[in-house]
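Using the numbering used here, you'd call the opening residue of the sequence shown number 14 and step up by one each time. Data first, discussion second: the structure below is written as structure tokens.
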Amino acid sequence: MCGIVGYAGTREAAPIILDGLSKLEYRGYDSAGIAVRDGANEIALEKTVGRLKNLIDITNNGASMRGNCGIGHTRWATHGAPSTVNAHPHISGNRTDEPRIAVAGVHNGIIENYAELRKKLERHGYAFYSDTDTEVAVKLVDYYYNKYGLGPIDAIAKTMVRMRGSYALELMFRDRPGEIWIARKDSPLIVGIGEGEHFAASDVPAILKYTRKVVYVGNLEFACLTANEAHFYDLNGDEIEKEISEITWDAEAAEKDGYEHFMMKEIMEQPKAVRDTLNSMLTENTVDLSKTGLTDELFREISQLHIVACGSAWHAGMTGRYVIESIAKLPVQAEIASEFRYRDPVLDKNTLVVLISQSGETADTLAALRLAKEKGLRTLAIVNVVGSSVAREADGVLYTLAGPEISVATTKAYSAQLAALYCLAVQAGFARGTIDRAAYEGYIAALRELPEKIGETLKNEGEVCRLATKLAGKRDAFFIGRGTDYPTCLEGALKLKEVAYLHSEAYAAGELKHGTISLIEEGTPVIGVLTGKALAEKTLGNMIETASRGASLTAVTTLPDSLRSGHTILEIDVPETDPHFAGSLAVIPLQLLAYYTGCAKGLDVDKPRNLAKSVTVE
Ligand code: G6P
14 MCGIVGYAGT REAAPIILDG LSKLEYRGYD SAGIAVRDGA NEIALEKTVG RLKNLIDITN
74 NGASMRGNCG IGHTRWATHG APSTVNAHPH ISGNRTDEPR IAVAGVHNGI IENYAELRKK
134 LERHGYAFYS DTDTEVAVKL VDYYYNKYGL GPIDAIAKTM VRMRGSYALE LMFRDRPGEI
194 WIARKDSPLI VGIGEGEHFA ASDVPAILKY TRKVVYVGNL EFACLTANEA HFYDLNGDEI
254 EKEISEITWD AEAAEKDGYE HFMMKEIMEQ PKAVRDTLNS MLTENTVDLS KTGLTDELFR
314 EISQLHIVAC GSAWHAGMTG RYVIESIAKL PVQAEIASEF RYRDPVLDKN TLVVLISQSG
374 ETADTLAALR LAKEKGLRTL AIVNVVGSSV AREADGVLYT LAGPEISVAT TKAYSAQLAA
434 LYCLAVQAGF ARGTIDRAAY EGYIAALREL PEKIGETLKN EGEVCRLATK LAGKRDAFFI
494 GRGTDYPTCL EGALKLKEVA YLHSEAYAAG ELKHGTISLI EEGTPVIGVL TGKALAEKTL
554 GNMIETASRG ASLTAVTTLP DSLRSGHTIL EIDVPETDPH FAGSLAVIPL QLLAYYTGCA
614 KGLDVDKPRN LAKSVTVE
């Protein structure tokens, strides 16, 4: 949530910062701002409410703000409504139009004890102009800077000790021209190393145009960047050595590539995302998870699996639960991270906790990981963003190779997560002796065919578009399914809410009649997902119950022959595969449905209102 970019070098900073922010708009887009400095001149500030485009317009694409050093921010409001005054950068003085700014800062995260700190600062004569926690952070830095007079290292370290919560901060000091100061706790922050220039950003795409050399700022570390130098410090203010990583993926991977929206581009990239992820784990006829620390001994030792995640990643985890329990006969819980972390779960020492996250920065997932580690449990992260917090802190990492995902609503990362979970299920089954070699190789062969079948499913858009046109005029939609079809329904309903603002609910097909069926009226869309022969008839029965009450039916199915019912059913066929893996195919038309319904309603599908891709607050 919120994206930040900083620059110190010899080029004009503002256009670089605005360009970087445009790559981070997925992290928040309700207001934006920038501070730039020309040599030792005063720090200049511009901010505005609304999309980044407004800031680009008022600064004439940065041309109105001269200088080689600056910081910028795109916001997803936490404390304080989206408004110009609450937009970042925030400053140490009392008014945003002050001619002399002593300290200016941008922030991603939440300062939990901001109210207490604000009172303290008010006692020391500070007056506040905004409702944000960020203004408190900036003023606290200013307070320590002036009180002890020991310079930014001391002031920032003291501020970090006093602040609770999460932050990626970028600061500029009036006394320190040419310097950007950055600090991090639990919110992502990277430094880009260029030739005679340094960058800071929340995420790699913001700086990839300029450099591939990146330093991941660690938790409770901070740094000073100038054109020619980058110095990193720990909380004691001692300088630390940092490793430089090379980014291997291309900037184009984070561009739209001729598609109108990232979401469609990413939907279309799913065969590749799944193939790459599978290829990283499959050898000729085995699954090799050795890089992740998941040995066969470990699979035999563990007594249960807790999969913990948020949003779509949780839906992937729910699918994983059905598949792992069925193939490996290992008890699995799939839980929402924000519940797991506070409900005092009973976890024996042989529990493996699996965290799933595209970004690897989701606050609740990260907290769940830390809780599991505190309890001495083994942890595995299934993560897409290399070097992210969850990836770095877990005992083992299984990277999904979906590439950068920009659209706020996840598609290809979800599919890659499913692929990773399938591999885990198959290997766990083989290691635990619940499947023999023939079954093992059979599953691997089925997995190898998945990318191509996803590709085939993507071609089948006609019926989906027809349904999207109808849905665009509806108020509600219901998705029902059993077995792995149920989490697929949850994902389909979430996508429709996210990008088409349509009230949609997913139900385990047998559960709908326990209350929710009262909402079915003439013409209410009910979408059944039917992929497993064993349960398809039952789901169809539940669909017919709703049709008898006026519902208009659609079936997303691998089993077209099982649909004979005497009722009109719009049929969206998906290819057959092993039923364990059918969720990877059935979800495709549901993603397309959400996309086309959002487009039919004229919505910005890549940046839906109120959402952010990476939720780094609780
Ligand atoms: C946000 C996104 C969802 C995503 C969830 C978890 O809410 O909008 O698409 O599924 O966070 O994100 P993660 O990065 O942990 O997978």
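Glycine included, each C-beta is placed from N, C-alpha and C at the ideal position.
- Judged by pairs of C-beta atoms under 8 angstroms, the stretch 586-603 does not touch the stretch 159-176, as fewer than three such pairs exist.
- A Cβ-Cβ distance of about 6 angstroms is found for the pair I195 and L182, placing them in contact under the 8 angstroms criterion.
- In this structure, S105 has its CB at a distance of at least 7 angstroms from all heavy atoms of the ligand G6P.
- Taking non-hydrogen atoms of the ligand G6P into account, the C-beta of T423 is found less than 7 angstroms away from one of them.
- Counting along the chain, Y157 sits inside no beta strand (DSSP E); it lies in the alpha helix (DSSP H) bounded by residues D146 to Y161.
- Where V345 is concerned, the enclosing beta strand (DSSP E) starts and stops at V345 to I349.
- Excluding residues up to 5 positions away in sequence, A21, A26, R50 and G191 lie with their Cβ nearer than 6 angstroms to the Cβ of C82 in the same chain.
- When only Cα atoms are considered, T332 and V116 end up about 49 angstroms apart.
- Between the ligand G6P and the CB of L624, the shortest heavy atom gap is smaller than 7 angstroms.
- Separation of the CB atoms of V119 and P95 is rounded to 15 angstroms, and the pair is thereby denied contact status at 8 angstroms.
- The Cβ atoms of S428 and S401 do not sit closer than 8 angstroms to each other.
- Within the stretch 181-209, the runs of beta strand (DSSP E) at least 3 residues long that lie entirely inside it are, in chain order, 193-198 and 203-206.
- By the Cβ rule, the stretch 609-627 does not count as touching the stretch 525-534, because fewer than three pairs are nearer than 8 angstroms.
- In the DSSP assignment, S370 falls within the unbroken beta strand (DSSP E) covering T364 to S370.
- For the pair of segments examined, the stretch 340-352 was found to touch the stretch 432-448: the number of CB pairs separated by less than 8 angstroms reaches three.
- With a 10 Å radius around the Cβ and a threshold of 16 neighbouring Cβ atoms, R177 comes out exposed.
- For R113, same chain residues with a beta-carbon under 8 angstroms away, outside a window of 5 residues either side, are E55, G106 and R187 in chain order.
- A straight line joining the alpha-carbon of T290 with that of R356 spans about 33 angstroms.
- DSSP, reduced to helix, strand and coil, places G541 within a strand of the structure shown.
- The criterion of a C-beta distance shorter than 8 angstroms is not satisfied by D43 and H92.
- Excluding sequence positions up to five before and after K388, its CB lies within less than 8 angstroms of the CB of L360, all in the same chain and listed in chain order.
- Collapsing the DSSP output to three states places F594 in a helix.
- Per DSSP, the unbroken alpha helix (DSSP H) holding N292 starts and ends at Q283 to N292.
- Ranked by Cα distance from Y157, the options V174, F141, L365 and E511 are led by V174.
- Here S179 is not near D155, since their CB atoms are 8 angstroms or more apart.
- No heavy atom of the ligand G6P is found nearer than 7 angstroms to the CB of V287.
- Remark: the C-beta of G324 is in contact range of the ligand G6P, defined as less than 7 angstroms to any heavy atom.
- The closest heavy atom of the ligand G6P lies 7 angstroms or more from the beta carbon of T629.
- Within the stretch 351-428, the runs of beta strand (DSSP E) that reach at least 3 residues and sit entirely inside it are, in chain order, 364-370, 391-396 and 409-412.
- When DSSP states are grouped into helix, strand and coil, S179 belongs to the strand group.
- Taking a C-beta distance under 8 angstroms as the contact criterion, L302 and L411 qualify as a contact pair.
- Beta-bridge analysis with DSSP links Q317 to T364.
- Listed in chain order, the non-local C-beta contacts of A170 below 8 angstroms within the same chain comprise F235, Y246, L248, N249 and G250, local neighbours out to five positions each way being set aside.
- Here the alpha carbons of F141 and R79 stand approximately 28 angstroms from one another.
- The beta carbons of E125 and K620 sit no closer together than 8 angstroms.
- With a cutoff of 8 angstroms on beta-carbon distance, S293 and L463 are scored as not near each other.
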